[in-house]
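Report on one structure; see the data block that follows.
There are 2 protein chains.
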Amino acid sequence: MNSRTPFALKGDIVHTPSFAEFTYYEDAYLVCQDARVAGIYRELPGRYRDIPVADHTGSLIIPGMCDMHLHAPQYPFRGLGQNIEKPDWDSWFDQYAFPEEKRYEDLDYAGRAYARLVGDLLQSTTTRACIFATIHRPATEHLMELLHAAGLCAYVGKVNMDRNSAPGLLETTEETLAETRLWLARTAGKYSDVKPILTPRYTPSCTNGAMEGLSSLMDEFRVPVQTHLSEGPDEIAWVRELMPDIRFYGQAYDRYGMMGTRQPALMAHCVFSTPEETEMLCRPNVMIAHCPDANLNYSGTAAPVLRYIRKGARVGLGSDVSGGRTLNLLRIVSEAITASKIHWAYCERTGVPGEKRDVLTLANAFYLATKGGGAFWGDTGSFETGYAFDAVVLDDTRFSDGNPRSVYERIERVISLGDERETKEKYVNGSCVYRRKSG
Amino acid sequence: MNSRTPFALKGDIVHTPSFAEFTYYEDAYLVCQDARVAGIYRELPGRYRDIPVADHTGSLIIPGMCDMHLHAPQYPFRGLGQNIEKPDWDSWFDQYAFPEEKRYEDLDYAGRAYARLVGDLLQSTTTRACIFATIHRPATEHLMELLHAAGLCAYVGKVNMDRNSAPGLLETTEETLAETRLWLARTAGKYSDVKPILTPRYTPSCTNGAMEGLSSLMDEFRVPVQTHLSEGPDEIAWVRELMPDIRFYGQAYDRYGMMGTRQPALMAHCVFSTPEETEMLCRPNVMIAHCPDANLNYSGTAAPVLRYIRKGARVGLGSDVSGGRTLNLLRIVSEAITASKIHWAYCERTGVPGEKRDVLTLANAFYLATKGGGAFWGDTGSFETGYAFDAVVLDDTRFSDGNPRSVYERIERVISLGDERETKEKYVNGSCVYRRKSG
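Taken in sequence, the protein lines are chains A and B. So for the first sequence, the working numbering puts the first residue at 1; every next one is plus one. So for the second sequence, the working numbering puts the first residue at 1001; every next one is plus one.
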């Protein structure tokens, strides 16, 4: 079965065409034609009668999930450095992030490390990702090649850092712009599924000169941009010091056209955004990458994503490996719900009006991980007709408890407790990219 | 190897004799004699030269973990019912907890369900647990038999409910006392490793008459008591309604001698304890079962356990399956750290003095899961000489990333990301109770 020939998956189909609720089709057929969803059927209609059917009766079939924030070079130290004996989370950069990222100058090391990441991504529920690489162009290009070879969809960014970085990981302004231009020229049209995305790490690591140059490259190559925004109070204070003429952090990107006014913009975190910044985040060409696991690890604070969504913001979910601990977006969906409860409890206890008992439902959080983030690629993350055929078949028999369970309950449980062991088959743009070995 | 013959485990040994920090012994021998830890050695001394050695070179060896709050009958619906479309967590009782608990009247059903739980507990890092069963004496006795046969240590409680329960799950006061007496008489001296613990569910489900009777039985049979305390604001308000003459919830137990004045008391949750209640919790015969996963799921609020610990309270960790999602205490250790960050951030944002940047370290949280809870059984949960020989061998090679990692980093990662797949061997009181099939 490839993306050209029509084919069908049979099983218990679940998706969230709307933010509000799941739609289920038990024991139904999900038809793929030309890499897109052609329809969901209880019985295959005449024109599809003879197409190949992958029979996954009893398994769940969900849209592929989109990891909207992932630091590829940090995967080797996932789960490390988040519990410091004397809480001082700055040391995470010095002890883990910067020393590890430096190693990607060595293309052999990068090849081995990125191959492990891509192998593990393949087994996860993730079909698409927006990825930070390192400052190193060759390693970044290699990661793009690996993702393409694996059949995953991704935006990948060569990171820019021309100030406040570690020795050996600091570019001059000229270098960062020249390498970015070369990288964009080499990769912008190379793959249909893996694309470059402009990636100034964050304001503290990019001079105004770099930002100006990147701004021009963004328009010249018509590429989107991803970066970090309002992740922690210390970072926000630092940005205010570096750019004393701005009122809020988001302006540091907006003045370079990087807040959705010229190209699509993806803003990771947005935990402490002010009302003015929130308005900026609600622009139609901006998306928030909500990273609940990383946020709770780092600052103990949950981003008020429901507030953003009610105001019209577009939101996807991110693992933020390795500020977050895991690539497993099922767990991140679960964390997003918990984070929304934490935010609600905070509002309740402190008397913030208007947000009481306003928490993400399971369907809401599932939507963010699928159709929410998927919107960054257009019609993606849902099984509506015409959407990209990204599908994950989940074998949830590990959780069988001897009782009949509804599809809602099964999806709830796989989100609460599932991991890569549940992934049975995975399709991206209609191509099967992963099939579990046993059964 | 059994508990009589001395033997040793060889590997990378990690424990927390103190709350403050880990102690490591790389590539060392942990010797067991007469079911107790006889010592840790770099080289085996002469008298142990010929004892059998289980060579786990390269694996981690940690003390067994103690799950201080676990509802055994709720295991079949783990991960379910925590995300209600319109947040109304009362329906969790009506939809899941009560209907499921009713089924344990049927001993066949109970046998099947409890066998699954005990099988999964065996593969986890848990060696000891404090367990709520149901109101049903026969099923409760059966669970005790299964735990004993599996070689696990446990306190198990027949639950008391003579008001505010569901039809079919409500006892009369006379019934609950008569069945409890019979159960205690049949089980109090039956096993050395599995013991009864008095288990009035919580104040709303037990009349004063029941509490008076249970109070007498507690002293007559010299058994400890476990129950729920100050889990949520609604529950606390309800208790105040039911007992208008008390100033705080803890008094509802204290007046029946169930707050450590006569027998040991284990109080689950304690999220919203007042200063007066906190003082009561600091009595030497009281232990708090901190259940961070369940608390964040249920109320979005983290119990201020560091505050309790600083004031002298004894604290262990609980999964609270199935208010919590998982039996996996590694994940609960991780959640305890996150919960402490959430509490710290709450204090920081609301200006609560004196608790700034005061979060659980990895060693602190590990201590709670091992020696903290273990204290409920006396010298347990640490590898100090004379302590009960409860040990778990963890094969953490699944997380190998091509880089050398310190023992601290390996334990950090297994706590962040590990599950039952890491359990290679498990010992309780010197007996091997689980050995992984492959390797």
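All C-beta atoms in this analysis are idealised placements derived from N, C-alpha and C, irrespective of residue type, glycine included.
Inside the stretch 1377 to 1408 of chain B, DSSP marks whole beta strand (DSSP E) runs of 3 or more residues at positions 1391 to 1394, from first to last along the chain. Aspartate 1120 of chain B has a beta carbon lying at 8 Å or more from every beta carbon in chain A. In the three-state reduction of the DSSP assignment, leucine 1143 of chain B falls in the helix class. In terms of CA proximity to aspartate 1219 of chain B, B:Ala1185 leads the group B:Lys1190, B:Ala1185, B:Met1243. Between tyrosine 48 of chain A and valine 31 of chain A, the gap from beta carbon to beta carbon is short of 8 Å. Nearest C-alpha to threonine 125 of chain A among A:Leu146, A:Ala154, A:Gly64: A:Gly64.
The beta carbons of arginine 325 of chain A and glutamine 263 of chain A sit about 31 Å from each other, so the pair does not count as a contact at 8 Å. Secondary structure at phenylalanine 1007 of chain B: strand, using DSSP grouped into helix, strand and coil.
Against aspartate 1067 of chain B, chain A offers no close residue; the least beta-carbon distance is about 16 Å (beta-carbon pairs closer than 7 Å). Non-local beta-carbon contacts of glycine 1430 of chain B in its own chain, meaning distances under 6 Å to residues more than five positions away in sequence, involve Ser1003, Cys1032, Ala1035, Phe1389 in chain order.
About 5 Å separates the Cβ atoms of alanine 1365 of chain B and valine 1333 of chain B, confirming a contact at the 8 Å cut-off. For asparagine 164 of chain A, the nearest beta carbon of chain B is not closer than 8 Å to its own beta carbon. Following the DSSP letters along the chain, one finds histidine 136 of chain A in no beta strand (DSSP E), marked with neither H nor E. Taking 3 residues as the shortest admissible run, the stretch 1231 to 1272 of chain B contains the following complete beta strand (DSSP E) segments, listed from N- to C-terminal end: 1265 to 1269. Annotation: the continuous alpha helix (DSSP H) that includes glycine 1119 of chain B extends over 1107 to 1123. Look at asparagine 1160 of chain B here: in three-state DSSP terms it is strand. Of all residues in the stretch 103 to 120 of chain A, those with a C-beta nearer than 8 Å to a C-beta of chain B are Arg112, Ala113, Arg116, reading in chain order. Under a 10 Å Cβ-count criterion, proline 224 of chain A is classified as buried, with 16 or more other Cβ atoms of the shown protein chains found around its own Cβ. The residue from B:Val1053, B:Ile1062, B:Cys1066 with its alpha-carbon nearest to that of phenylalanine 1376 of chain B is B:Cys1066.
Under the three-state reduction of DSSP output, aspartate 50 of chain A falls in the coil class, being neither helix nor strand. Within 10 angstroms of the beta-carbon of alanine 1369 of chain B lie 16 or more other beta-carbons, which makes it buried.
Check the Cα spacing between leucine 1214 of chain B and each of B:Gln1082, B:His1269, B:Trp1238, B:Tyr1253: the tightest is with B:Tyr1253. Residue burial annotation: arginine 398 of chain A is exposed, with fewer than 16 other C-beta atoms found within 10 angstroms of its C-beta. Taking the beta carbon of arginine 413 of chain A as reference, the chain B residues within 8 Å of it are Arg1078, Gly1079, Leu1080, listed in sequence order. Taking a beta-carbon distance threshold of 8 Å, leucine 1217 of chain B does not count as an interface residue toward chain A.
The C-beta separation of glutamate 100 of chain A from proline 76 of chain A comes to about 6 Å, placing the pair in contact by the 8 Å criterion. The Cβ-Cβ distance between proline 1292 of chain B and alanine 1336 of chain B falls below 8 Å. Nearest in C-alpha terms to serine 1382 of chain B, of all of B:Thr1176, B:Leu1009, B:Val1014, B:Thr1005, is B:Val1014. A contact is defined here as three or more CB-CB pairs under 8 Å, and the stretch 190 to 206 of chain A fails this definition with respect to the stretch 1017 to 1030 of chain B. Taking 8 Å as the threshold, the shortest C-beta distance from leucine 1394 of chain B to chain A does not fall below it. Under the criterion of beta carbons closer than 8 Å, glycine 316 of chain A and glycine 372 of chain A qualify as touching, at roughly 5 Å.
In its chain, beyond the 5 residues on either side, Asn364, Tyr367 have a beta carbon closer than 7 Å to the beta carbon of phenylalanine 19 of chain A.
By the beta-carbon neighbour count (other beta carbons within 10 angstroms, threshold 16), leucine 182 of chain A is exposed.
Residue pairing from DSSP places cysteine 1032 of chain B in a beta bridge opposite B:Phe1007, B:Val1037. Not a single CB atom of chain B sits nearer than 8 Å to the CB of lysine 190 of chain A. Annotation: glutamate 1348 of chain B to proline 167 of chain A spans about 34 Å, alpha carbon to alpha carbon.
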